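Undergrad: Below: one structure in structure tokens.
Protein chains: 4
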Amino acid sequence: MQIGMMGLGRMGANMVRRLMRGGHECVVYDINPASVADLVKDGAVGAAALEEFIGKLARPRTVWLMLPAAITNRVVEQVAALLEPGDIIVDGGNSHYHDAVDQAVRLQARGLSFVDVGTSGGVWGLERGYCLMIGGPDAAVKHLEPIFATLAPGAGAGSAEGGDLGTAPLGYLHCGPSGAGHFVKMVHNGIEYGVMAAYAEGMNILKQANAGSEHRDADAETSPLAQPQYYRFDIDLPAVAEVWRHGSVIGSWLLDLTAGALKADPALAQFGGRVSDSGEGRWTLKAAIDTGVPAPVLSSALFSRLTSQGESEFADKLLSAMRYAFGGHVEKPKA
Amino acid sequence: MQIGMMGLGRMGANMVRRLMRGGHECVVYDINPASVADLVKDGAVGAAALEEFIGKLARPRTVWLMLPAAITNRVVEQVAALLEPGDIIVDGGNSHYHDAVDQAVRLQARGLSFVDVGTSGGVWGLERGYCLMIGGPDAAVKHLEPIFATLAPGAGAGSAEGGDLGTAPLGYLHCGPSGAGHFVKMVHNGIEYGVMAAYAEGMNILKQANAGSEHRDADAETSPLAQPQYYRFDIDLPAVAEVWRHGSVIGSWLLDLTAGALKADPALAQFGGRVSDSGEGRWTLKAAIDTGVPAPVLSSALFSRLTSQGESEFADKLLSAMRYAFGGHVEKPKA
Amino acid sequence: MQIGMMGLGRMGANMVRRLMRGGHECVVYDINPASVADLVKDGAVGAAALEEFIGKLARPRTVWLMLPAAITNRVVEQVAALLEPGDIIVDGGNSHYHDAVDQAVRLQARGLSFVDVGTSGGVWGLERGYCLMIGGPDAAVKHLEPIFATLAPGAGAGSAEGGDLGTAPLGYLHCGPSGAGHFVKMVHNGIEYGVMAAYAEGMNILKQANAGSEHRDADAETSPLAQPQYYRFDIDLPAVAEVWRHGSVIGSWLLDLTAGALKADPALAQFGGRVSDSGEGRWTLKAAIDTGVPAPVLSSALFSRLTSQGESEFADKLLSAMRYAFGGHVEKPKA
Amino acid sequence: MQIGMMGLGRMGANMVRRLMRGGHECVVYDINPASVADLVKDGAVGAAALEEFIGKLARPRTVWLMLPAAITNRVVEQVAALLEPGDIIVDGGNSHYHDAVDQAVRLQARGLSFVDVGTSGGVWGLERGYCLMIGGPDAAVKHLEPIFATLAPGAGAGSAEGGDLGTAPLGYLHCGPSGAGHFVKMVHNGIEYGVMAAYAEGMNILKQANAGSEHRDADAETSPLAQPQYYRFDIDLPAVAEVWRHGSVIGSWLLDLTAGALKADPALAQFGGRVSDSGEGRWTLKAAIDTGVPAPVLSSALFSRLTSQGESEFADKLLSAMRYAFGGHVEKPKA
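Given below as structure tokens:
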């Protein structure tokens, strides 16, 4: 079937390619003409402006947006102004599910359907297929099923089981009304933060397993290492990550990627350690707080990222100021 | 080759079976005669007492222990007293790696080798193979390689890659001197706690996604839910766990098990929520603390387990006592 | 000066008493007539209905609300409908500062001023005075200064210092525009959660300092205590809390209360350990998340409370389900 | 009475001065002769070498050590070699209580008493008095009571209450056998970390309360601020810290110091934000883990310090590596 895709970054462009491989017709648009041209070369129908993009779509139109969360709301309004009753807007980006809940109400009043599709799979989705978490009205979701089936991994991938879980074993799931897709994807990303941090912390402990062989200051500002004989292991991190992939309890796709990254460069020298967050982890935590769910692991993972962004600096200065005030402790310089 | 296995619980018995399938000769012993008898039926050589067990082993003997951490040290001493120079003791249990470091020194003085083998795979290891993290002297580890190769998943399982990571792609790895195997397994389990908690917290958030449809008290002791319209999702947890297995970033073996458990019983009614810990998570955290490694996610996961065991009760009572003291807040009864 | 107080619970009633002691005229109203009668006995002017209450106030009227957060917004609307331009509504409750920001905009359009006053001091405020964190337009705040000065501890209490901090040494502070008062009070309470939890966790550790003298199971589901000789202290908790009040770094008013509570009953037997939260801790954390501030301590304190309310049950069941799935671990029953 | 003090740093020197003011005779020694000379000027008896120091003490001798934890054990051995049965060694430093437990056993065999005295009060102790947490045999503790009574704040300070708490209201407490003093002091410092972090996190939130007025990138690597209208407060941090000192629930000595530091320099420009830890927080956490006590707040506070020391760098790099691997996310440079 035909679909219009707007926002041709890493995710959007690859999704178009996967859809075209699956026999779908893709009309594409991006503010960057080069991104459009690339996909036209691969067989997509390109558009140079929003109006042209909408004009090339047959009714009922489906416009799928893959945009940064910060601008999605605005673009939804622009697109909606050009659509007609019966048309569908799909938001496949990392938008806040609140927006989906609110947009659906506004668009429904104008006869438009809003479908939010949490899309996981990253740059590997083109080959692996994307995991799709879908929210929206039944009719619109049903209408788009051929698209979802193509984007998702499908029956061939992984150990799909049972039929009573509906389409879940195929890699896509209608999770509920508008907002439910982004909500489930949001929690997916919250979990992702926690899982990633668990590996990162563990690997960091392994990296320090040789601390007993290293020099250590002996002053009142440095905590002593009481039993250095227990910290004399020179662990091969890439090999450990690899061995854990084979038969251990913690095998996972993220571990596969971790092993690959460590094998490529055990020192991870190309990275500085500033870990971004795109909002999903924050929203997950806010949902946990609103509904009273303890989420100490997910919050710890988020806060570690924020700290890596430099956001604890003032708090840290204040701690040093207190230590100076009560104990005369003079701060050591940063390494 | 021949190996003696002592401790025939869930782990030990299955390892014997896998070894016998691989053509090895297994002499087995357990304080529970029925456990011995079961394996004798399957082809193992049984022993009714420790001395008989040792006596049935050809030199150089290998005694592999699969025992609870709390008694391993004592049994190592008993076994060592019956062995001779050149013999090998393997500890495959969840022992503290400190003990391995210390045991190795003591046993080496008596001409014995101590090999610690962190063993992951659980009840699935019989079929999947076990992931083995090995510490000990080179000669002893080399001698045991046929055993390790049989216990581990081997080349057929998973996407093994590269040869420069040694045996890691086969599922076993010599991680360093005595203690290194348990150390790496310890951190593996620490990570496991974190990964498990990430899924559990996320699923708990999904479960509460319908809070806006439920009644809520309006008193000064109950935090209000400001925007109930954003919490009206009735999420199908088994289906979500299943869909995440197909193409998402958080696919993992633990997620596979989670999906299975939720499919079998979405309410998890057979469980009460008291989560045990067997020590590895605690030791991981102590190693992190000793070496100065921040581990907020791993510690949060551990503390959640301890709290589930009732260990925060006094702290909680004290918080209620403070609230009563400054604000006259009368405690609500536990649900 | 004259003030109308609505909401005569623990906080509201005592504030009226302190104001009357300071020579102010208080008109009071509550849906519970007994609460009104009590204060009338003490000299307040009582009202039996909202209209009567408003009617007894001279213009420009000041209506100070001390209500649960869950109903404050609604009552503000009801009161505003009876007021006239130039009148002032004060919200002294634990309301979300978002509401104050929004209410101020709405009320300003009707010529009314909205002043939010975060009020700390609990049941002790009558004697100690209340710490007031104030947000709102300059004119209204200035108009109410005699009220603030009476409610606050004033110069006599504590070691007030400097004049360049304005009225802060007197115990009240105009923190900024509408919402700023509740915002600062919200963060105050967030800190309060953290400080309380720090004492509670520490006291819990002291309580377990004798663990090495107690029996401990030796099974695979119980983490062993490796060095019992280091945990044979029978600590007198009330005495420790008391000694810390005298010269230690952690002396505080909350410690004073803790010492009092432990002295009254070292076992805290009247408490069950369900710790309520009234919303402020949650909002603090949401503000931290919105603005990207790491708050691991404040969030840990909040999550411990939520867990004490039973909110981690499903997550805990899922952890047990996973342990059973991979390791065959059978859950121990809850104590 | 006479006492020998060895280790004349910030703490030791001031304790000598307070003891001399109280009429006690102090023999003093330090490897830094200038430190000795300073106190001789103030009336102390100085010694230029360890043997001379011991030689100047009348029997039964009391040698009080105020040394960095990393060297205390070694010095205890050196001192013990010069003492005779009936003599007392006091360790008033921030030593690990394990050492006190072990030292007491070793020294008792030689007829010496070991008393561990956790000493809180910092640079203010000279004037305020020190809070003393004491472990050791009854006789030795009794013998030293005049010293403790002088060092502690005494009855005049604070709101001492009740007699049934023994000497606790005077600011010193015999907490139990050897090790109990350091154990209680260790937990005191663990709590201190938590309390300090609570204030620091809260102040950091207040500092960011104006985030809605600031520019923010709108890209996929930056979490959007959805409701900037709620973050337009320009909070005066020194004034807020000051007002909280007067009647609020979170009044404390650490808040007094915080207010002082912020008043002196609201930007805390002299500090870089590297927060040291001297070991006590780590040991508290290890004790919590050993005894199964959940300590999420205390651990979060510790880990924030470790992170400020740069110890999460490798973990952070690994997180960025994973994000690059699954999503092609290119790391933003550190600010």
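Chain order of the listed sequences is L, R, X and S.
Going by the numbering used here, the first residue of the first sequence is number -3, and it counts up by one from there.
Going by the numbering used here, the first residue of the second sequence is number -3, and it counts up by one from there.
Going by the numbering used here, the first residue of the third sequence is number -3, and it counts up by one from there.
Going by the numbering used here, the first residue of the fourth sequence is number -3, and it counts up by one from there.
Where is the CB? At the ideal position from N, CA and C, for every residue including glycine.
This structure is a prediction, so every number in the text was calculated from the model and none was measured.
Per DSSP, what kind of secondary structure is X:His211 in: helix, strand or coil?
TA: Along the third sequence, one-based indexing puts residue 211 of chain X at 215. Residue state, collapsed to three classes: coil.
Undergrad: For the stretch 263 to 286 of chain R, which residues have a CB atom closer than 7 angstroms to at least one CB atom of chain X, in sequence order?
TA: From the stretch 263 to 286 of chain R, only Leu264, Phe267, Gly268, Gly269, Arg270, Val271, Ser272, Asp273, Ser274, Gly275 and Arg278 have a Cβ closer than 7 angstroms to chain X.
Undergrad: Using 8 angstroms for Cβ pairs, my map puts R:Glu141 next to L:Leu294. What's the rounded Cβ distance?
TA: In the second sequence, the residue the question calls residue 141 of chain R occupies position 145. In the first sequence, the residue the question calls residue 294 of chain L occupies position 298. So it is not a contact: roughly 42 angstroms between Cβ atoms.
Undergrad: Could you tell me whether the Cβ of S:Gly89 comes closer than 9 angstroms to any Cβ of chain X?
TA: Reading the fourth sequence from its first residue, position 93 is the one you call residue 89 of chain S. Not closer than 9 angstroms to any Cβ of chain X, the Cβ of S:Gly89 fails to qualify, so no.
Undergrad: Is R:Leu53 helix, strand or coil when you go by DSSP?
TA: Walking along the second sequence from the start, residue 53 of chain R turns up at place 57. In this structure, R:Leu53 counts as coil in the three-state DSSP scheme.
Undergrad: Can you give me the C-alpha to C-alpha distance between L:Gly114 and X:His139, rounded to a whole angstrom?
TA: If you number the first sequence from 1, residue 114 of chain L lands on position 118. If you number the third sequence from 1, residue 139 of chain X lands on position 143. For L:Gly114 and X:His139, the distance between alpha carbons rounds to 53 angstroms.
Undergrad: Spatial neighbours of S:Ile231 within its chain, please: C-beta separation below 6 angstroms, excluding the five flanking residues on both sides.
TA: Working through the fourth sequence from its first residue, we reach residue 231 of chain S at position 235. Leu202 and Ala205.
Undergrad: Quick one: give me the first and last residue of the beta strand (DSSP E) that L:Glu217 is part of.
TA: Within the first sequence, the letter at position 221 stands for residue 217 of chain L. Premise fails: L:Glu217 is in no beta strand (DSSP E) and is neither H nor E.
Undergrad: Among X:Leu302, X:Leu315 and X:Ser304, whose alpha-carbon lies nearest the alpha-carbon of R:Leu298?
TA: Your numbering for residue 298 of chain R matches position 302 in the second sequence. The residue with the shortest Cα to Cα distance from R:Leu298 is X:Leu315.
Undergrad: Go ahead and label R:Ile85 buried or exposed: buried means 16 or more other beta carbons lie within 10 angstroms of its beta carbon, across all protein chains shown.
TA: Position 89 of the second sequence, counted from the first residue, corresponds to residue 85 of chain R. So R:Ile85 ends up on the buried side.
Undergrad: With 16 other CB atoms within 10 Å as the buried threshold, where does L:His342 fall?
TA: Residue 342 of chain L lies beyond the residue range present for chain L, which begins at -3 and ends at 331; the question has no answer from this structure.
Undergrad: Taking contact to mean at least 3 C-beta pairs separated by less than 8 angstroms, is the stretch 121 to 131 of chain R in contact with the stretch 60 to 79 of chain R?
TA: No, the stretch 121 to 131 of chain R is not in contact with the stretch 60 to 79 of chain R.
Undergrad: Name, please, each residue of chain X whose Cβ falls closer than 9 angstroms to the Cβ of L:Gly288.
TA: On the first sequence, position 292 is the one that residue 288 of chain L refers to. The answer, in chain order, is Asp273, Arg278, Leu302, Gln305 and Glu307.
Undergrad: Identify the continuous beta strand (DSSP E) that holds R:Val111 and give its terminal residues.
TA: Taking the second sequence and counting its residues from 1, the one referred to as residue 111 of chain R is at position 115. Element bounds for R:Val111: Ser109 to Ser116.
Undergrad: From which residue to which residue does the alpha helix (DSSP H) around X:Glu21 run?
TA: Taking the first residue of the third sequence as 1, we reach residue 21 of chain X at position 25. Element bounds for X:Glu21: not the alpha helix (DSSP H) but the beta strand (DSSP E), Glu21 to Tyr25.
Undergrad: Would you grab the beta carbon distance between X:Val245 and S:Ser308 for me? Rounded to a whole angstrom, and I think it's under 8 angstroms.
TA: By one-based count along the third sequence, residue 245 of chain X stands at place 249. By one-based count along the fourth sequence, residue 308 of chain S stands at place 312. About 27 angstroms; that fails the 8 angstroms criterion.
Undergrad: With DSSP run on the structure shown, which of helix, strand or coil describes R:Val236?
TA: In the second sequence, residue 236 of chain R corresponds to position 240, counting from 1. In this structure, R:Val236 counts as helix in the three-state DSSP scheme.
Undergrad: With a threshold of 8 angstroms on Cβ separation, who are the neighbours of S:Ser248 within its own chain once the five nearest residues in sequence on each side are excluded?
TA: Taking the fourth sequence and counting its residues from 1, one reaches residue 248 of chain S at position 252. Excluding positions up to five away in sequence, the list reads Val191.
Undergrad: So does the stretch 4 to 13 of chain X actually touch the stretch 278 to 288 of chain X, counting three or more Cβ pairs closer than 8 angstroms?
TA: Contact fails: fewer than three Cβ-Cβ distances are below 8 angstroms.
Undergrad: In the stretch 110 to 121 of chain X, which residues sit with their C-beta less than 8 angstroms from some C-beta in chain S, listed in chain order?
TA: Taking 8 angstroms as the Cβ-Cβ cut-off against chain S, the residues of the stretch 110 to 121 of chain X that qualify are Ser116, Gly117, Gly118 and Gly121.
Undergrad: For the beta strand (DSSP E) that contains L:Ile84, what are its first and last residues?
TA: Along the first sequence, one-based indexing puts residue 84 of chain L at 88. Here the beta strand (DSSP E) through L:Ile84 covers Ile84 to Asp87.
Undergrad: Within this structure, are the beta carbons of R:Val24 and R:Ala43 separated by less than 9 angstroms?
TA: If you number the second sequence from 1, residue 24 of chain R lands on position 28. If you number the second sequence from 1, residue 43 of chain R lands on position 47. Contact flag set, yes.
Undergrad: Can you tell me where the alpha helix (DSSP H) with X:Trp60 in it begins and where it stops?
TA: Walking along the third sequence from the start, residue 60 of chain X turns up at place 64. Where X:Trp60 is concerned, there is no enclosing alpha helix (DSSP H), although the beta strand (DSSP E) it sits in stretches over Thr58 to Leu61.
Undergrad: Say whether chain S places a C-beta atom closer than 9 angstroms to the C-beta of R:Ala156.
TA: In the second sequence, the residue the question calls residue 156 of chain R occupies position 160. Since pLDDT at R:Ala156 reaches only 49, below the 50 mark, its modelled position is unreliable, and the value read off the structure follows with that caveat. So no, R:Ala156 is outside the interface.
Undergrad: Please classify L:Ala255 as buried or exposed, where buried requires at least 16 other C-beta atoms within 10 Å of its C-beta.
TA: Counting from one through the first sequence, the residue named residue 255 of chain L turns up at place 259. L:Ala255 is buried by the Cβ-count criterion.
Undergrad: Taking the C-alpha atoms as reference points, what is the distance between R:Cys22 and S:Ala100?
TA: Stepping through the second sequence from its first residue, residue 22 of chain R is reached at position 26. Stepping through the fourth sequence from its first residue, residue 100 of chain S is reached at position 104. Computed Cα separation, rounded: 50 angstroms.
Undergrad: Which value, in whole angstroms, describes the spacing of the CA atoms of S:Thr303 and L:Thr303?
TA: Indexing the fourth sequence from 1 puts residue 303 of chain S at position 307. Indexing the first sequence from 1 puts residue 303 of chain L at position 307. Each residue's Cα considered, the two are about 8 angstroms apart.
Undergrad: Using the rule of at least 16 other Cβ atoms within 10 Å of the residue's Cβ for burial, across every protein chain shown, is R:Arg17 buried or exposed?
TA: Here residue 17 of chain R refers to the residue found at position 21 when the second sequence is read from its first residue. Exposed: under 16 other Cβ atoms inside 10 Å.
Undergrad: With respect to the beta strand (DSSP E) encompassing L:Tyr168, which residues constitute its N-terminal and C-terminal limits?
TA: Residue mapping note: residue 168 of chain L aligns to position 172 of the first sequence, counting from 1. Counting along the chain, the beta strand (DSSP E) containing L:Tyr168 begins and ends at Tyr168 to Gly172.
Undergrad: If the cut is a Cβ gap below 7 angstroms, which residues of chain S does R:Ala291 touch?
TA: Position 295 of the second sequence holds residue 291 of chain R. The contacting residues are Phe299.
Undergrad: Would DSSP call X:Leu122 helix, strand or coil?
TA: Position 126 of the third sequence holds residue 122 of chain X. Looking at X:Leu122 - three-state DSSP - the assignment turns out to be helix.
Undergrad: For X:Phe322, which residues in chain L fall below 7 angstroms Cβ to Cβ?
TA: The residue given as residue 322 of chain X occupies position 326 in the third sequence. Neighbours of X:Phe322 on chain L, chain order: Val245.
Undergrad: Is DSSP giving X:Gln266 helix, strand or coil here?
TA: Your numbering for residue 266 of chain X matches position 270 in the third sequence. Residue state, collapsed to three classes: coil.
Undergrad: Report back the beta-carbon spacing between L:Pro329 and S:Gly268 to the nearest angstrom; my notes put them in contact at under 8 angstroms.
TA: The sequence position of residue 329 of chain L within the first sequence is 333, counting from 1. The sequence position of residue 268 of chain S within the fourth sequence is 272, counting from 1. Right, their Cβ atoms sit about 6 angstroms apart.
Undergrad: What residues in its chain sit with their C-beta under 6 angstroms from that of S:Ile50, if we drop five residues either side in the sequence?
TA: On the fourth sequence, residue 50 of chain S is found 54 positions in, with the first residue counted as 1. Answer for S:Ile50: Leu78, listed in chain order.
Undergrad: Could you say which of L:Gln104, L:Gly172, L:Lys52 and L:Gly243 lies nearest to L:Val137 if we only look at CA atoms?
TA: Here residue 137 of chain L refers to the residue found at position 141 when the first sequence is read from its first residue. Measuring from the Cα of L:Val137, the nearest candidate turns out to be L:Gly172.
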